[in-house]
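Line order of the protein sequences matches chains A and B.
For the first sequence, position 107 (counting from the first letter as 1) is numbered 107 according to this note's numbering, and the numbering increases by one without interruption.
For this note's numbering, add 1000 to where a residue sits in the second sequence, where the first one is 1.
Just so it is clear, CB atoms sit at the ideal spot from N, CA and C, and this is done for glycine as well.
Everything on this sheet refers to the single structure shown next.
There are 2 protein chains.
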Amino acid sequence: MGVVVSLGEGKNNKPSIDSLLALVRDDLKNVNDVIIRNMESPVTLIPQLAGHLVASGGKRLRPMLTLGAAQLSNYSGDRHIALAACVEFIHTATLLHDDVVDESDLRRGEASANAVFGNQASVLVGDFLFSRAFELMVEDGSLKVLKILSHASSVIAEGEVLQLMTTNDTETSEDTYLEVIKSKTAQLFAAACQIGPVISDRPRVEEDALESFGLNLGIAFQLIDDVLDYSAKQATLGKTIGDDFKEGKISLPVILAFRRGDEQERKFWRRTMEDLEQSDGDLDYALDLMRKHNALSDSVERARHYGAIARDALAIFDESPTKLAFNELIDFCIDRAY
Amino acid sequence: MGVVVSLGEGKNNKPSIDSLLALVRDDLKNVNDVIIRNMESPVTLIPQLAGHLVASGGKRLRPMLTLGAAQLSNYSGDRHIALAACVEFIHTATLLHDDVVDESDLRRGEASANAVFGNQASVLVGDFLFSRAFELMVEDGSLKVLKILSHASSVIAEGEVLQLMTTNDTETSEDTYLEVIKSKTAQLFAAACQIGPVISDRPRVEEDALESFGLNLGIAFQLIDDVLDYSAKQATLGKTIGDDFKEGKISLPVILAFRRGDEQERKFWRRTMEDLEQSDGDLDYALDLMRKHNALSDSVERARHYGAIARDALAIFDESPTKLAFNELIDFCIDRAY
């Protein structure tokens, strides 16, 4: 392990996703091929719009989790390829519908699909990708995998609706917020990881461990995502700062600043987030309040808590490059905040 | 069979859906219970919105097809109940997304879900119902049923996208239109029927027969639906006449009138349907042109053609009340036009 440690102490000691990427690179290429093949349709708008999404290329974090979890489970077949593609299809479908719901014009710094192709196409192509994911799962033939991913899908939808209900509600509790991000984000991380041991017929305890790793990693990931929306770091990710603020989306930084604030400050939050009456300087003042109450740094602390649970969930596995890469991924998800 | 014939010649000899309804009434009650139970969620907006849909009550035509097809297959278990509910969930999910795509304010004469709860909730609750349908299918445990319905779902989505691409395009051919309605409507009718013989382990020839019955019934049904949008009969169904015209949706009556018209008339169709430049009197003039070219009556003739194929598909089955009810359903779907 000496080599790995020395790499970690080298000039580039920021945790990164690259170790995991290196371990699953070949598999991920095959996943991409499955994705492209299954977006094909005589209805040309479907591959066009789907191609736009592939080109604007996310990190493919979720399929990488499936591939890594399969590796950690010593899986030797090829079912993980199509199933990792299913996970990405479900994720992409929810992104498409999310952008319609949020009326977003940007996604990862690029024009979002709904901005280019319209809301109608985004809704319908999302439905197509979602259905195609289930077709691929049926081809794979495991009812257990179908159960995991159909359940994840309905929990995601429930989480999105719950998020919609909390929008503009400054009274939202940290618990409700946690419920939202667990459902809308962490559930798919958990399912993506669980598939690895399931197709490898590993003992239940390993399945539970990888599910827990995925769930807690997902919670930490979303917490940091929500911090990034108020962080200067954001600009480097090609996103504009304060999107959540403009929409009145209630994330943990807002919840903490609101609860820790005085009546004057709460009035400010109600005006800007509930009534959406915002003017120049409001976002800056919101950031001031978050700093004053340590709302961003404490949100990162909460993320560290879930990261620690994710790390302990992996403890039952023997040391291996994949385990190291998964642990580094936890650090990467959290350190993105800085 | 004498009784049935004499009923048919009685004072009320309009074909109706009631014979089928009488045969599946008890099952349908159980389907409704499954539907209501599976719409439950701690996220209150979900049962609220879904309850709105249940209350605004469609005919439940598609689940009735599954129940009738199970009856025709001498099915004796109870799997048809949950699977009929799945079919209705998939249908309801597509309706919810359809209304968002069409920006409809009315559905069956009532305020549509998107008008009451907003587009965002409609998109997300649609996703929830769709996922819940797959969870129910996984519980049922038949990979064959999962294959049939996941394939139907992706074909429906493809059909909806194709329809979106043909909107406002007066050059759309009858073949393309047929492709759209086959995909977006008839595929689910076919799948709904096919489930009956599949869960009853009936021979392939019966499965094919019921699939063909459903497919051709679905085509006839949608053809008449599109005729009704230009028919005086429409008002009695609680719909406004000319919705498709206002949206520039290219259905068969428009295709026939456009193709059979002279250059002056085609200019009118291009202005109103492609450029959506419409003023008072345009809908009346469109109706005049349709009458002049027999566009509505010939669309009904096309529906009769598919109805005849549906009827012949059933010919291999012995005479039975269910077969009679299915045949009456074909007539009902077509005679709605008058």
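Which of the three DSSP states, helix, strand or coil, is assigned to residue i?
i, result
"Glu9/A", "Confidence is the limiting factor: at Glu9/A the pLDDT is only 42, short of 50, which leaves the residue's position unreliable, though a coordinate-based value still follows. Glu9/A falls in the coil class under three-state DSSP."
"Pro1197/B", "helix"
"Gly1141/B", "coil"
"Asn74/A", "coil"
"Met64/A", "helix"
"Lys1029/B", "helix"
"Lys1249/B", "coil"
"Glu1171/B", "coil"
"Thr1044/B", "coil"
"Ala1337/B", "coil"
"Ser1016/B", "coil"
"Lys59/A", "coil"
"Ile241/A", "coil"
"Met165/A", "helix"
"Arg202/A", "coil"
"Tyr230/A", "coil"
"Ser1112/B", "coil"
"Gly1118/B", "coil"
Return the Cβ separation of residue i and residue j in integer angstroms, given the expectation that the two are a contact with Cβ distance under 8 Å.
i, j, result
"Ser1154/B", "Glu135/A", "6 Å"
"Met1290/B", "Tyr1230/B", "6 Å"
"Leu188/A", "Ala152/A", "5 Å"
"Gly1058/B", "Ala1325/B", "That pair is no contact at about 19 Å."
"Val54/A", "Ile36/A", "7 Å"
"Glu1072/B", "Phe1332/B", "In the sequence on display, residue 1072/B carries Leu and not Glu. Not confirmed; about 17 Å, so no contact."
"Asn74/A", "Ser200/A", "6 Å"
"Gln1278/B", "Lys1246/B", "7 Å"
"Val1100/B", "Val1125/B", "The Cβ separation is near 11 Å, so there is no contact."
"Leu20/A", "Leu329/A", "6 Å"
"Leu164/A", "Ala1121/B", "6 Å"
"Ile1250/B", "Arg1336/B", "Not confirmed; about 21 Å, so no contact."
"Ala93/A", "Phe130/A", "4 Å"
"Gly1242/B", "Leu1283/B", "5 Å"
"Leu158/A", "Val1043/B", "A small correction: the amino acid at residue 158/A is Glu; Leu does not occupy that position in the sequence shown. The pair is a contact, with the Cβ atoms about 5 Å apart (cut-off 8 Å)."
"Ile148/A", "Gln194/A", "6 Å"
"Leu162/A", "Ser183/A", "7 Å"
"Ala1220/B", "Ala1310/B", "7 Å"
Residue ranges of each alpha helix (DSSP H) within the stretch 1253-1329 of chain B, 4 or longer: You should have 1263-1269, 1282-1292 and 1295-1313.
Would you call the stretch 1077-1094 of chain B and the stretch 1204-1218 of chain B touching, i.e. three or more CB-CB distances under 8 Å? The stretch 1077-1094 of chain B vs the stretch 1204-1218 of chain B: no contact.
Is there contact here, the stretch 283-302 of chain A with the stretch 250-270 of chain A, by at least three beta-carbon pairs under 8 Å? When C-beta atoms of the stretch 283-302 of chain A are compared with those of the stretch 250-270 of chain A, three or more pairs fall below 8 Å, so the two segments count as touching.
Would you be able to state if there are at least three C-beta pairs under 8 Å between the stretch 1041-1049 of chain B and the stretch 1111-1122 of chain B? A contact between stretches requires three or more CB pairs, one per stretch, nearer than 8 Å, and the stretch 1111-1122 of chain B meets this requirement with the stretch 1041-1049 of chain B.
Would you check if there are 3 or more beta carbon pairs closer than 8 Å linking the stretch 1161-1176 of chain B to the stretch 1074-1084 of chain B? No, they do not touch.
Using a Cβ-Cβ cut-off of less than 7 Å, give me the residues of the stretch 1155-1176 of chain B that come near chain C, in sequence order. Reference to chain C is not applicable here, since the protein chains of this structure are A and B.
On the three-pair Cβ rule with 8 Å, is the stretch 1301-1312 of chain B touching the stretch 1263-1275 of chain B? In short, these stretches do not touch, since the Cβ pair count stays below three.
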